[in-house]
Amino acid sequence: MTSSSRGPGPAPLRVLSLGWGVQSWTLAAMAALGEIPPVAFAIHADTTHEAAGTYTHAAKWAAWLEERSVKVVTVQGKRPDVVMEEWSDSVMIPAFTKDRATGRKGQVSRQCTHDWKISPIRKYIRTMISRLSPGAVESVQGISFDEWQRMRTSDVRYITNTYPLVDMGISRAGCVEWLGRHHLDVPVKSACVFCPYHSIAVWKQLKKAGGSDWE
1 MTSSSRGPGP
11 APLRVLSLGW
21 GVQSWTLAAM
31 AALGEIPPVA
41 FAIHADTTHE
51 AAGTYTHAAK
61 WAAWLEERSV
71 KVVTVQGKRP
81 DVVMEEWSDS
91 VMIPAFTKDR
101 ATGRKGQVSR
111 QCTHDWKISP
121 IRKYIRTMIS
131 RLSPGAVESV
141 QGISFDEWQR
151 MRTSDVRYIT
161 NTYPLVDMGI
171 SRAGCVEWLG
181 RHHLDVPVKS
191 ACVFCPYHSI
201 AVWKQLKKAG
211 GSDWE
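In terms of the UniProt record's numbering, the sequence shown opens at residue 1 and continues consecutively.
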C-alpha cells in the first residue's frame, strides 16, 4: 500500500488527495518545497460543508502552492445536500437514529464519503488518463504514522494508494512541528461541521466558538 513496483511502461499519474487538514496540507507543502516527489496536481473534493477555517486556509494557501508548481484542483459532487432530493427520508450522512415506537437506536449507512469525495475525485482523474490500466494512478494519501491503521488498498485497480507520511514515520504532531519549522499555518481539522463522528470535545469546541460552523 505504501509503495509499488512497476515494470516497463509510463510512470503513474501522481495525485495528492488534498483535504486541507494538517496531514494532507503538510504533504502538499512538502511537494511544493521539494521534500517529496512532485505531484501532477493536488485535488480537493469540496463537500460544501467544511468548517469556515478550512475554507479560509485554502483561500490563503492555494495560491502559494500554485506558485511552487503544485496545481490545486477543486471538485464537487453532484449532490451536496444532506437529504437526498429524490427520497426525502434518505440521509447522506451516518446520522444516529432512534425508533419512536421501540426506542431502538441505530445509525444510517454512510454515503457522504463516496458521493462527496471519492466519486468526484475519481471522475476528474479519469479525464486525465488515457487508459484505466493497473497502477495508472498513484494516489498520495494524507494519513500519518500514528493513523497507520486507516491505510487501505484501493478498491479499483487503476489507482494505487501511497502513504508518504507513514513511510517517513511522521505523526500528526510531527506534521505540526514541520509546518512550524517552515513558518506555515496549521489548519483546523478537516471535516464536515455536522459529522456524527465528532467527539464530545469537538462538539463543545464548535459550540463555544459559535459562528457559522455552529449555526
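Heads up, the beta-carbon is just placed ideally off N, CA and C, and yes, glycines get one too.
Counting only the Cα atoms, Thr153 lies some 28 angstroms from Glu177. His57 is a Cβ neighbour of Asp185, given a cutoff of 8 angstroms.
Cβ-Cβ distances below 8 angstroms link Ile143 to Gln23, Arg150, Met151, Tyr163, Leu165, Val166 in the same chain, with the five nearest sequence neighbours on each side left out; the list follows chain order. Around the beta carbon of Gly19, 16 or more other beta carbons sit within 10 angstroms, so the residue counts as buried. Thr153 carries a coil assignment under DSSP once its states are collapsed to helix, strand and coil.
Annotated three-state conformation of Ser190 is coil, per DSSP. Between Pro134 and Ala45, the C-beta spacing is not below 8 angstroms.
Take Ser190, set aside five residues on each side of it, and the residues of its chain with a beta-carbon closer than 6 angstroms to its own are Gly19, Trp20, Gly21, Thr54, in chain order. In this chain, the beta strand (DSSP E) harbouring His44 covers 41-45. In the same chain as Leu33, and ignoring 5 residues on each side of it, the C-beta atoms closer than 8 angstroms to its own belong to Arg68, His182, in chain order. The continuous alpha helix (DSSP H) containing Thr56 extends over residues 52-67. Cβ neighbours of Pro38 within its own chain (closer than 8 angstroms, five residues either side excluded): Arg14, Ala31, Ser69, Val70.
Within the same chain, and ignoring the five residues on either side of Gly169 in sequence, the residues whose Cβ sits closer than 6 angstroms to its Cβ are Phe145.
Look at Ile159 here: in three-state DSSP terms it is strand. The residues Phe41, Ile43, in chain order, have a CB closer than 6 angstroms to that of Val73 in the same chain once the five nearest residues on each side in sequence are set aside. In this chain, the beta strand (DSSP E) harbouring Val73 covers 72-75. By the Cβ neighbour-count rule, Ser130 is exposed, with fewer than 16 other Cβ atoms within 10 Å of its own. DSSP places Glu138 inside the beta strand (DSSP E), whose first and last residues are 137-140.
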